[in-house]
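Chemist:
There are 2 protein chains.
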Amino acid sequence: MSDDPPLSGDDLVRVLGTLANPHRIRVIAALAQERAYVSRLARDLGISRALLQVHLRKLTAAGLVSAQLELSEDGKAMKYYEVKPFVLRLTPDSIADAARTLTPPDTIDPHEAER
Amino acid sequence: MSDDPPLSGDDLVRVLGTLANPHRIRVIAALAQERAYVSRLARDLGISRALLQVHLRKLTAAGLVSAQLELSEDGKAMKYYEVKPFVLRLTPDSIADAARTLTPPDTIDPHEAER
DNA sequence: TGCACATGCAAAGAGAAGTTAGCGGGTCAA
DNA sequence: TTGACCCGCTAACTTCTCTTTGCATGTGCA
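Residue numbers (the working numbering), protein chains in the order written: chain V, 522 to 636; chain Z, 522 to 636.
(1) List the whole-angstrom C-beta distance separating Z:K605 from Z:L585, where the pair is believed to meet the contact cut-off of C-beta under 8 angstroms.
(2) With Z:K579 as the anchor, note down where its alpha helix (DSSP H) starts and where it stops.
(3) Please state the DSSP three-state secondary structure of V:S529.
(4) Using a Cβ cut-off of 8 angstroms (strictly closer), state whether V:V575 contacts chain Z.
(5) According to DSSP, is V:S593 part of a helix, a strand, or is it coil?
(6) With DSSP run on the structure shown, which of helix, strand or coil describes V:R545?
(7) For the beta strand (DSSP E) containing Z:R610, list its first residue and its last residue.
(8) When the distance is taken between beta carbons, is Z:R610 closer than 8 angstroms to V:R610?
(9) What are the boundary residues of the beta strand (DSSP E) that includes V:E603?
(10) Along the chain, where does the alpha helix (DSSP H) that runs through V:R561 open and close?
(11) Let me see if you follow: with CB-CB separation under 8 angstroms, is Z:R561 close to chain V or not?
(12) Determine, for Z:A582, whether the minimum Cβ-Cβ distance to residues of chain V falls below 8 angstroms.
(13) Pull up the DSSP beta-bridge partners for V:V586, would you.
(14) Which chain Z residues are close to V:L623, counting only those with a beta carbon under 8 angstroms from its beta carbon?
(15) Taking DSSP as the reference, what is the three-state secondary structure of V:R556?
(16) Helix, strand or coil for Z:T622 per DSSP?
(17) Name the chain Z residues whose beta carbon is nearer than 7 angstroms to that of V:G530?
(18) Assuming V:A550 contacts Z:I616 under a Cβ cut-off of 8 angstroms, what Cβ separation, rounded to an integer in Å, is found between them?
(19) What distance in whole Å lies between the Cβ atoms of Z:P613 and V:A553, which are believed to be in contact at a cut-off of 8 angstroms?
(20) Taking V:S611 as the query, report the chain Z residues whose CB atoms sit under 8 angstroms from its CB, ordered along the chain.
(21) With Z:K579 and Z:R556 assumed to form a contact (beta carbons below 8 angstroms), what rounded beta-carbon distance in angstroms separates them?
(22) Give me, in chain order, the residues of the same chain whose beta-carbon lies closer than 6 angstroms to that of Z:V536; leave out the 5 immediate sequence neighbours on both sides.
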């Protein structure tokens with residue numbers, strides 16, 4: 522319904538960077554429909570498991586998806602992923618707000634550089 | 522107030538990729554306050570003009586800022602940039618919608634590869 | 001003329017991100 | 001025991017992105 526608590530500038534950049542990828546967009550789209558385990562998801566999306574793993578790791582790191590390990594009826598370990606519900610509203614103003622909490626770039630003043 | 526018309530999947534990825542950068546976040550934040558010309562903006566942000574140019578080009582390409590060339594009172598050419606107002610709402614569902622309009626990955630089926 | 005200010009672009013290096021290939025582990029059923 | 005599933009990892013390659021450096025353009029003013 523309403524927006525999530527505003528992210529810090531750094532987190533926002535991280536989340537946006539995570540979403541800015543076609544594979545990861547598709548992963549979220551697939552998981553928004555229903556949770557799935559890695560191998561199944563890889564088949565559905567038509568990509569390798571190794572590649573999917575990497576993208577899932579990034580999505581998890583950004584807090585956009587979560588996983589839980591479960592045992593299937595026939596005893597196999599299955600790692601199920603699902604999307605975390607989120608609402609992100611981006612406008613010039615909201616971005617300006619986030620900019621205030623960005624970690625400052627390493628200002629390397631030549632005079633101070635000798636430290 | 523309300524949201525902008527939904528972007529295509531590819532455009533969304535482009536826009537997100539553009540926003541996923543601290544420099545560009547700061548540029549938008551600065552321009553959200555007031556329009557500025559390149560050299561001034563570079564001084565304010567403490568980055569080189571060349572670097573800023575690159576980021577402004579990306580922001581322009583993504584449709585997030587726009588520029589107009591103006592002549593200052595003393596006859597110098599000044600390129601003023603300003604933010605385009607935009608509202609982007611990101612949720613798992615909105616992303617799932619965008620995913621449908623992504624250009625499909627080059628599926629290189631070995632059987633068809635000989636074309 | 002020379003300096004200060006404005007604009008632009010391109011080459012090249014460094015670093016980050018994406019992708020593949022190959023290896024390891026496990027359970028179950030034939 | 002073999003094959004079909006499930007999970008994971010890393011090394012190495014390629015590709016993309018960021019950033020700096022350097023050069024070229026223009027105006028106005030001392």
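We put the beta carbon where it would ideally sit given N, CA and C, even for glycine.
Modeler: Per the coordinate set shown:
(1) The residue you call residue 605 of chain Z lines up with position 84 of the second sequence. The residue you call residue 585 of chain Z lines up with position 64 of the second sequence. Yes, Z:K605 and Z:L585 are in contact; Cβ-Cβ is about 6 angstroms, under 8 angstroms.
(2) On the second sequence, position 58 is the one that residue 579 of chain Z refers to. Looking at the DSSP string, the run of the alpha helix (DSSP H) that includes Z:K579 is R570 to A582.
(3) On the first sequence, position 8 is the one that residue 529 of chain V refers to. Residue state, collapsed to three classes: coil.
(4) To locate residue 575 of chain V, count along the first sequence from 1; it is residue 54. So no, V:V575 is outside the interface.
(5) Taking the first residue of the first sequence as position 1, residue 593 of chain V is located at position 72. V:S593: coil per DSSP, three-state reduction.
(6) The residue given as residue 545 of chain V occupies position 24 in the first sequence. Helix.
(7) Along the second sequence, read from residue 1 onward, the residue named residue 610 of chain Z stands at position 89. Segment L609 to L611, the beta strand (DSSP E) holding Z:R610.
(8) Against the first sequence, residue 610 of chain V aligns to sequence position 89. Against the second sequence, residue 610 of chain Z aligns to sequence position 89. Going by C-beta atoms, V:R610 is nearer than 8 angstroms to Z:R610.
(9) By one-based count along the first sequence, residue 603 of chain V stands at place 82. Counting along the chain, the beta strand (DSSP E) containing V:E603 begins and ends at A598 to V604.
(10) Working through the first sequence from its first residue, we reach residue 561 of chain V at position 40. V559 to L566 is the span of the alpha helix (DSSP H), which, as asked, contains V:R561.
(11) Translated into the one-based positions of the second sequence, residue 561 of chain Z becomes position 40. Closer than 8 angstroms: no.
(12) As a first step, residue 582 of chain Z is located in the second sequence; it is residue number 61 there, counting from the start. So, not an interface residue.
(13) Looking up residue 586 of chain V in the first sequence gives position 65. V:V604.
(14) The residue labelled residue 623 of chain V in the question sits at position 102 within the first sequence. Residues of chain Z passing the Cβ test: P543, I546 and R547.
(15) The residue given as residue 556 of chain V occupies position 35 in the first sequence. Reduced to three states, the DSSP call for V:R556 is coil.
(16) Position 101 of the second sequence, counted from the start, is the residue given in the question as residue 622 of chain Z. Correct three-state label for Z:T622: coil.
(17) Here residue 530 of chain V refers to the residue found at position 9 of the first sequence. Those are I546, listed as they occur along chain Z.
(18) Along the first sequence, one-based indexing puts residue 550 of chain V at 29. Along the second sequence, one-based indexing puts residue 616 of chain Z at 95. So it is a contact: roughly 6 angstroms between Cβ atoms.
(19) Translated into positions along the first sequence, residue 553 of chain V becomes position 32. Translated into positions along the second sequence, residue 613 of chain Z becomes position 92. Confirmed, Cβ separation roughly 4 angstroms.
(20) Position 90 of the first sequence, counted from the start, is the residue given in the question as residue 611 of chain V. As written in the sequence, residue 611 of chain V is Leu, which differs from the Ser given in the question. The answer, in chain order, is L540, F607, V608, L609, R610 and L611.
(21) Counted from its first residue, the second sequence places residue 579 of chain Z at position 58. Counted from its first residue, the second sequence places residue 556 of chain Z at position 35. With 8 angstroms as the limit, Z:K579 and Z:R556 do not qualify as a contact, their Cβ atoms being about 18 angstroms apart.
(22) For the purposes of this step, residue 536 of chain Z is identified with residue 15 of the second sequence, where counting begins at 1. If we look at Z:V536 and ignore the five residues flanking it on each side, its Cβ neighbours are A583.
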